[in-house]
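Written below as structure tokens is the structure these notes are about.
Residue numbers (UniProt numbering): 1 to 184.
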């Protein structure tokens, strides 16, 4: 794995330039890198792991660092707005909530103090969590979560758990199951 890598476009093709583990300069073509590494999947014996956590983390980190990331977020922004609007339809008083897989804060930036008093924003990508837009007029705490660690919140602690287009991924399914069974 390359400790420092940059994507370069050359007239003869595309490749990665980087500094290897021992300080040597490395250049490899994209196709060579894809075929020689665990780019999209990881193999365990003859079994292919389609939901590789490491690969998903690399994808999310790359997306968070992309300078044009806001161009591609229009759908997540719209769903986040509608999700936060649905919270107003809940009649009981909600004090503490969790946004599971908050990403760049698509739903959380629309949540007001009329809906919640404190919101926990969680993601497993440090760059996404760092760039997440925060809600106004309510307290918030950003939590870096990992499915292999113990869930950081106490039992019977949350009034609301939301997730904006994230529950399809097995990493979040495991955490959502815990949030529903243990925290409520």
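Just so you know, even glycine gets a beta-carbon here, dropped at the ideal spot from N, CA and C. Since this is a predicted model, take the numbers as computed values, not measurements.
Given a threshold of 16 other Cβ atoms within 10 Å of its Cβ, counted over all protein chains shown, does residue i qualify as buried or as exposed?
i, result
"residue 155", "exposed"
"residue 116", "buried"
"residue 67", "exposed"
"residue 145", "buried"
"residue 164", "buried"
"residue 75", "exposed"
"residue 36", "Caution is warranted here: a pLDDT of 49 is assigned to residue 36, below 50, making its placement in the model unreliable, and the coordinate value is therefore given only provisionally. By the 10 Å Cβ count, residue 36 comes out exposed."
"residue 111", "buried"
"residue 60", "buried"
"residue 34", "Any reading at residue 34 is ruled out, since the residue's pLDDT is 45, under 50, leaving its predicted position unreliable."
"residue 162", "buried"
"residue 21", "Low local confidence applies: a pLDDT of 49 at residue 21 is under 50, so the model's placement there is unreliable, and no value is given."
Beta carbon of residue i, beta carbon of residue j: below 8 Å?
i, j, result
"residue 71", "residue 63", "no"
"residue 107", "residue 139", "no"
"residue 121", "residue 87", "no"
"residue 133", "residue 105", "yes"
"residue 103", "residue 85", "no"
"residue 99", "residue 137", "no"
"residue 52", "residue 95", "no"
"residue 109", "residue 135", "yes"
"residue 57", "residue 131", "no"
"residue 119", "residue 97", "yes"
"residue 82", "residue 127", "no"
Among all the DSSP beta bridges, which residues are the ones paired with residue i?
i, result
"residue 55", "In the DSSP output, where bridge partners are listed per residue, residue 55 has none listed."
"residue 161", "98"
"residue 142", "121"
### Length-filtered (3 minimum) beta strand (DSSP E) runs lying within the stretch 67-117
Complete beta strand (DSSP E) runs here, min 3: 96-100.
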